[in-house]
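Novice:
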Amino acid sequence: MGKNRKWTKKQVMNDDEPEGMLSGLGSTRTASVSSRKRGASPTTLYDEDIGDIATKKIKPCTFLGNDIGKLKVTKDEKRRRQERELRFAASSGSTVKAKDPEAALFGALSSPRVLHDTKEQGGGGNGKKGSKNKKIGQDGGNGFVGTSQSLEKQYLRLTTFPKSQDVRPLAVLKQSLAHIKSRYLRDEDFEWANDQFKSLRQDITVQGIKNDFVLEVYETHARLVLEQGALNEFNQCQTMIKSLTMGIDCSVDEFEATTGKSKKRKDKTRVLLKQKEAAADEFGSYRLLYALVQKEWGDVSKELKFATSVMKKRDQGSTAAYIQQSSQMSSCAHAVMVTKAVIHDDYHAFFHLYDASPHLSAYLMDYLVQRVRFSAFQRIVASYRPTLNVEFFQKALLFPDLEETRTFLKKSGAVFIKEKGAPALWIDCKATVVS
93 MGKNRKWTKK QVMNDDEPEG MLSGLGSTRT ASVSSRKRGA SPTTLYDEDI
143 GDIATKKIKP CTFLGNDIGK LKVTKDEKRR RQERELRFAA SSGSTVKAKD
193 PEAALFGALS SPRVLHDTKE QGGGGNGKKG SKNKKIGQDG GNGFVGTSQS
243 LEKQYLRLTT FPKSQDVRPL AVLKQSLAHI KSRYLRDEDF EWANDQFKSL
293 RQDITVQGIK NDFVLEVYET HARLVLEQGA LNEFNQCQTM IKSLTMGIDC
343 SVDEFEATTG KSKKRKDKTR VLLKQKEAAA DEFGSYRLLY ALVQKEWGDV
393 SKELKFATSV MKKRDQGSTA AYIQQSSQMS SCAHAVMVTK AVIHDDYHAF
443 FHLYDASPHL SAYLMDYLVQ RVRFSAFQRI VASYRPTLNV EFFQKALLFP
493 DLEETRTFLK KSGAVFIKEK GAPALWIDCK ATVVS
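As structure tokens, this is what we get:
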């Protein structure tokens, strides 16, 4: 855990210092990703392209639970399943038998959610059931307000609508967020922090809270999980941020709708939150890079429109000038240039942008490195004759050392020129292309 990593932690968690956030990783960032990923081997960091179609077909989607049927059902697992079935049946208020878990689950989730008296929750209403004069709860909430005062709370998936004593109100949630940031910066315990953030988001959801604090929670959680490579969790956060600021059906090219500078909205009945311009720029770049990683070309096209609208708000310069001053460009401008470099197989521009990426963009670009390197390798061996030194590939493809470079070349099918008593340092380009 070097100095660079601790500085990045502060960047992820400290929302009160926008200058530190905007400064990005900059020149202090090393070329090797091994300094940023805990326990990762340098020779295996780029072995997988998660946007590859073949990879998607081979690997089951554990996030959606497609591999649940492969789990071994033990006695303890059977007992836990029976207990869950009984809880579902009891919460639905029906006489559904435990042998029918699907019916029990439907009964639990479809049962009416009765809110507590608004006087008890501070809503100021008359407490009568079905009253039209019932006031809405805190910050556009649904009238349900928790009473728990715990700063820490384990995340548990809900089977019934929660009780007020198990949910924390807005004031306690703000204190909890500060507590999570402080402890994570001190202990760097990702599993604990991720669990606490999910619990925080759950309390926000059940109370229907929608304000700037909600944006801060999702933005901070997104940065946290992005740094750790948890892309499924990151996608949940960025999707919710987009929903809160632009709406599900909102066009992504409406930058003004995100920053609150435009009155044009497709959903006039829904109040959208106003994201700060710097944050909108940052997460707009993340959405574009994420779509590029996943090879979702439809989303890439949409996010390019949004990023272009951001770039129009700033002084435009030539591409060469942007590359030389990449640390000062907007995040969306950087993401657009990365997208162009990947599409046009411009590995020189890609690795220059990779080494000077703003904010946490490098953590998404990590997943593009294998794709760009392999494409660059094919172009290089087809263009050069007769031989090339391994050091050339090390510099061109931004490898940290010769050993990792040779490992990559062997996996890519390079044909080495072997000499007695000397290590293989030369590649036969023609033989590599033929093979």
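If you're matching positions, the sequence shown starts at 93 in this note's numbering and goes up one per residue.
We put the beta carbon where it would ideally sit given N, CA and C, even for glycine.
On a predicted model such as this, the values are computed, not experimentally measured, just so you know.
Residues bridged to Asp520 by DSSP?
Specialist: Its beta-bridge partners are Thr479.
Novice: Go ahead and label Arg477 buried or exposed: buried means 16 or more other beta carbons lie within 10 angstroms of its beta carbon, across all protein chains shown.
Specialist: exposed
Novice: So Leu262 and Tyr382 are supposed to be a Cβ contact under 8 Å. How far apart are they, rounded?
Specialist: 30 Å between Cβ atoms; not a contact.
Novice: For Gly238, which residues in the same chain have their Cβ closer than 6 Å to its Cβ, ignoring the five residues on either side in sequence?
Specialist: Counting only Cβ-Cβ distances below 6 Å, and skipping sequence neighbours, we find Ser256, Val259, Arg260, Pro261.
Novice: Within the same chain, show all residues whose beta-carbon is closer than 8 Å to that of Ile160, passing over the 5 residues directly before and after it, in chain order.
Specialist: Bear in mind that a pLDDT of 42 at Ile160, under 50, signals an unreliable position, so the number given afterwards is only what the model happens to contain. No residues qualify anywhere along the chain.
Novice: Touching or not, the segment 462-472 and the segment 438-453, by the rule of three or more beta carbon pairs under 8 Å?
Specialist: yes
Novice: Does the ligand NAD have even one heavy atom less than 7 Å from the beta-carbon of Asp458?
Specialist: Ligands displayed in this structure: none; no statement on the ligand NAD is therefore possible.
Novice: Identify whether Thr411 lies in helix, strand or coil by the three-state DSSP scheme.
Specialist: At Thr411, the pLDDT of 49 sits below 50, so the modelled position is not reliable; the number obtained from the coordinates is stated separately. If DSSP states are grouped into helix, strand and coil, Thr411 belongs with the helices.
Novice: Among residues of its own chain, excluding the 5 on either side of Thr524, which ones have a beta-carbon nearer than 8 Å to its beta-carbon?
Specialist: Val473, Gly505, Ala506, Val507
Novice: With DSSP as the reference, label Phe508 as helix, strand or coil.
Specialist: strand
Novice: Check whether the Cβ atoms of Asn286 and Val309 sit closer than 8 Å, and answer yes or no.
Specialist: Taking the C-beta atoms as reference points, Val309 is found no nearer than 8 Å to Asn286.
Novice: As a quick exercise: from Ser268, Gly235, Ala314, Phe253, pick the residue whose alpha carbon is nearest that of Phe326.
Specialist: Ala314
Novice: Going by alpha carbons, who is nearest to Glu244 out of Glu511, Tyr276, Thr252?
Specialist: Comparing C-alpha distances from Glu244 to each of Glu511, Tyr276, Thr252 shows the shortest one belongs to Tyr276.
Novice: In this structure, how does DSSP classify Ala514 when only helix, strand and coil are distinguished?
Specialist: Ala514: strand per DSSP, three-state reduction.
Novice: Would you check if the distance between the CB atom of Leu336 and the CB atom of Lys302 is smaller than 8 Å?
Specialist: yes
Novice: Count the other CB atoms, across all protein chains shown, that sit within 10 Å of the CB of Ser377; report buried if there are 16 or more and exposed otherwise.
Specialist: By the beta-carbon neighbour count (other beta carbons within 10 angstroms, threshold 16), Ser377 is buried.
Novice: Could you tell me whether the Cβ atoms of Val434 and Leu384 are closer together than 8 Å?
Specialist: yes
Novice: I believe Val430 touches Leu452 by the beta-carbon criterion, under 8 Å. Please report the beta-carbon distance rounded to the nearest angstrom.
Specialist: The pair is not a contact, with the Cβ atoms about 13 Å apart (cut-off 8 Å).
Novice: In this structure, how does DSSP classify Ile301 when only helix, strand and coil are distinguished?
Specialist: Ile301 carries a coil assignment under DSSP once its states are collapsed to helix, strand and coil.
Novice: Using the three-state DSSP reduction, which class does Lys397 fall into: helix, strand or coil?
Specialist: helix
Novice: At what residue ranges does the segment 228-296 contain a whole run of the alpha helix (DSSP H), taking only runs of 4 or more?
Specialist: 262-279
Novice: Near Leu269, which residues of its chain fall below 8 Å by C-beta distance, leaving aside the five closest residues on each side in sequence?
Specialist: Closer than 8 Å at the Cβ level, and outside the excluded window around Leu269, lie Leu292, Phe305, Glu308, Val309, Thr312.
Novice: Tell me whether Ala468 is buried or exposed, calling it buried when 16 or more other Cβ atoms sit within 10 Å of its Cβ.
Specialist: Under this definition Ala468 is a buried residue.
Novice: Just tell me which of Leu490, Glu283, Arg465, Gln462 has its CA closest to the CA of Ala448.
Specialist: It is Leu490 whose Cα lies nearest to the Cα of Ala448.
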